[in-house]
Amino acid sequence: MVVDSAGQYVAEFLAAIEAPDPRTVAIQLRELRGEVGGVRVYDDFAHHPTAIEVTIAALRERLHGEGRVLAVLEPRSNTMKLGVMKDRLAVSLSEAEKTFCYTQGLSWDARHALAPLGERAWCGDNLTELVQAIIQEA
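When you line the sequence shown up against our numbering, it's residues 290 to 427, in that order.
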């Protein structure tokens, strides 16, 4: 895949979600992982719709009304993988300009759960396509 420097950083960062055990990396909430070409990548282990909503609100506040929030969701906690809170996801992500959901390994239909977001939701289980979609939007 050929991308610009900002896209390469995002691609490398997103590739990390393929790590076999996410607990091997200690990450603070809303941690700025890097910035390239004006694109900032924050990492947050928001594993519940309320936490997602609070995180997006905090990022909005940090942006002071400037810029966009592109949410990248990888449902990875057990409750998220099982879809226990899937009916609350669209509302929790509604303040993001666009949401990207990595669906590999889910036992529920993320497209259906995020359908209320309309064109502002992208769902897929192909990591390369996910990265390309994010880069294109960023």
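Virtual Cβ for every residue (Gly too), placed ideally from N, Cα, C. All values derive from a computational prediction rather than experimental measurement.
DSSP three-state call for residue i: helix, strand or coil?
i: residue 398; result: coil
i: residue 418; result: helix
i: residue 365; result: coil
i: residue 371; result: helix
i: residue 433; result: A question about residue 433 goes unanswered here, because the residues of the chain that appear run from 290 up to 427.
i: residue 333; result: coil
i: residue 346; result: helix
i: residue 379; result: helix
i: residue 393; result: coil
i: residue 403; result: coil
i: residue 340; result: helix
Measure the Cβ-Cβ separation of residue i and residue j and say whether it is below 8 angstroms.
i: residue 363; j: residue 391; result: yes
i: residue 321; j: residue 426; result: no
i: residue 422; j: residue 388; result: no
i: residue 383; j: residue 406; result: yes
i: residue 402; j: residue 378; result: yes
Going by the DSSP bridge assignment, what does residue i pair with across the sheet?
i: residue 359; result: 387
i: residue 410; result: 388
i: residue 328; result: 325
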